[in-house]
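Numbering (this note's numbering), first residue to last: 2 to 256.
Glycine is no exception: its CB is placed at the ideal position from the N, C-alpha and C atoms.
Only one structure is covered here, and it is reproduced in the block below.
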Amino acid sequence: MNIATWNVNSLNVRLPHVLQWLETHQPDVLALQEIKLVDEKFPLSEINAAGYQAIFSGQKTYNGVAILSKIASTEMAKGIANYVDEQQRVLAATINDIRVINVYVPNGQSVDSDKYHYKLTWLEHLHAYLTEQIARYPKLVILGDFNIAPGDEDVHDPVLWEGQVLCSEPERMALQKLCSAGLTDSFRLFAQPEKSFSWWDYRAAGFRRNLGLRIDHILVTEALAKTCKQVIIDKVPRGWERPSDHAPVMAEFAI
DNA sequence: ATGGCGGCTCGCAGCCGA
Numbered sequence: 002m003n004i005a006t007w008n009v010n011s012l013n014v015r016l017p018h019v020l021q022w023l024e025t026h027q028p029d030v031l032a033l034q035e036i037k038l039v040d041e042k043f044p045l046s047e048i049n050a051a052g053y054q055a056i057f058s059g060q061k062t063y064n065g066v067a068i069l070s071k072i073a074s075t076e077m078a079k080g081i082a083n084y085v086d087e088q089q090r091v092l093a094a095t096i097n098d099i100r101v102i103n104v105y106v107p108n109g110q111s112v113d114s115d116k117y118h119y120k121l122t123w124l125e126h127l128h129a130y131l132t133e134q135i136a137r138y139p140k141l142v143i144l145g146d147f148n149i150a151p152g153d154e155d156v157h158d159p160v161l162w163e164g165q166v167l168c169s170e171p172e173r174m175a176l177q178k179l180c181s182a183g184l185t186d187s188f189r190l191f192a193q194p195e196k197s198f199s200w201w202d203y204r205a206a207g208f209r210r211n212l213g214l215r216i217d218h219i220l221v222t223e224a225l226a227k228t229c230k231q232v233i234i235d236k237v238p239r240g241w242e243r244p245s246d247h248a249p250v251m252a253e254f255a256i
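Written as structure tokens, this is what we have:
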């Protein structure tokens, strides 16, 4: 079973890329972030024609998340339980006996911003939700754009980024706290190439020069980690015409 | 690397992303 995540930065613009990637890789589950469209405009017929079911929680202009899957999902839940947030950033469902939680964590903008405070508060509520979900669903994967580089090895220039948003200590602590609820960063279960990133700035030829960050993650519970076979970042779509600034990340499980 | 790119909008400039 293959489970993947991709911040597409507008599903309107990236639909051809998504369809191409589905056809090539045939993941069982693909979690999308930043679809940037309302539910009425979700391209369901195109997704269905590609052989996938879809659930989605859309929003105009910003945010928006979706889960595509080969088999139908059940127990859909939007948002973080017990936390009112008008921004559509979280979508959960059960697929093939696995709880899948798709997240688009707030960016935070800069460490002195109100948006940074919102990000840290949001992560606290996510932690509470996650703790409850893990207790209910031992086989759980939470994946998406976390907007946090876990360590210096996930940053092209750790000195330049030290203390900056996406790399700051409070953000990294918040991610560690999520993991302490019983999760592992599946990417690091395996030997990986040095300077593995999942996002590159559109500016300054960031991708060509590999000036990136690894901020898109697939976190798994112990029950799933035991069955994880490999995790890869597919840089290929980042090199396509008019790409998303993020690359897909995919984990393979022996189930 | 201190600028830029790219997506969005009752757009033609400004916000946001990371």
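Which residue comes first and which comes last in the alpha helix (DSSP H) that contains residue i?
{"i": "M2", "result": "Taken as a continuous stretch (DSSP letters only), M2 belongs to no alpha helix (DSSP H), as it is neither H nor E."}
{"i": "C180", "result": "E170 to S181"}
{"i": "H225", "result": "Reading the sequence as shown, one finds Leu at residue 225 and not His. Taken as a continuous stretch (DSSP letters only), the alpha helix (DSSP H) holding L225 covers E223 to A226."}
Please classify residue i as buried or exposed, where buried requires at least 16 neighbouring CB atoms within 10 angstroms.
{"i": "R243", "result": "exposed"}
{"i": "G240", "result": "exposed"}
{"i": "N83", "result": "exposed"}
{"i": "Q211", "result": "The sequence as given places Asn at residue 211; Gln does not occur at that position. Flag for N211 reads exposed."}
{"i": "P28", "result": "buried"}
{"i": "Y203", "result": "exposed"}
{"i": "H18", "result": "buried"}
{"i": "P238", "result": "buried"}
{"i": "V85", "result": "exposed"}
{"i": "S169", "result": "buried"}
With the cut-off set at 9 Å, would you say residue i and residue j are in Cβ contact?
{"i": "I143", "j": "L220", "result": "yes"}
{"i": "I4", "j": "V30", "result": "yes"}
{"i": "W200", "j": "A252", "result": "no"}
{"i": "S245", "j": "N64", "result": "no"}
{"i": "A334", "j": "A67", "result": "Residue 334 lies beyond the range of the chain shown here (2 to 256); nothing can be said about it."}
{"i": "L23", "j": "G59", "result": "no"}
{"i": "L69", "j": "Q54", "result": "yes"}
{"i": "I99", "j": "M2", "result": "yes"}
{"i": "L12", "j": "L38", "result": "yes"}
{"i": "N108", "j": "G145", "result": "no"}
{"i": "T261", "j": "F254", "result": "Any question about residue 261 goes unanswered here, given that the chain covers just 2 to 256."}
{"i": "A150", "j": "L124", "result": "no"}
{"i": "L176", "j": "V232", "result": "no"}
{"i": "D186", "j": "W7", "result": "no"}
{"i": "K257", "j": "A224", "result": "Any answer about residue 257 is impossible in this case: the structure gives the chain only from 2 up to 256."}
{"i": "A215", "j": "D155", "result": "What sits at residue 215 in the sequence shown is Arg, not Ala. Result yes, Cβ atoms of R215 and D155 sit closer than 9 Å."}
{"i": "V188", "j": "I256", "result": "Going by the sequence as given, residue 188 is Phe instead of Val. No; because the gap between Cβ atoms is not below 9 Å, this pair is not in contact."}
{"i": "V112", "j": "G80", "result": "no"}
{"i": "G213", "j": "K196", "result": "yes"}
{"i": "L179", "j": "L127", "result": "yes"}
Considering residue i, what are the terminal residues of the beta strand (DSSP E) in which it resides?
{"i": "N13", "result": "Careful: N13 lies outside any beta strand (DSSP E), inside the alpha helix (DSSP H) at L12 to H26."}
{"i": "E253", "result": "V250 to F254"}
{"i": "A93", "result": "V91 to I96"}
{"i": "D186", "result": "L184 to D186"}
{"i": "V232", "result": "C229 to I234"}
So residue i and residue j are in contact, right, with Cβ under 8 Å, and what is the actual spacing, rounded?
{"i": "A182", "j": "L131", "result": "5 Å"}
{"i": "V106", "j": "F57", "result": "V106 to F57, Cβ: 18 Å. No contact."}
Just to confirm the assignment: which complete beta strand (DSSP E) runs, minimum length 3, are found wholly within the region 34 to 75? 54 to 58 and 66 to 70
Ignoring anything shorter than 3 residues, give me the beta strand (DSSP E) runs that lie fully in the region 100 to 178, in order along the chain. 141 to 146
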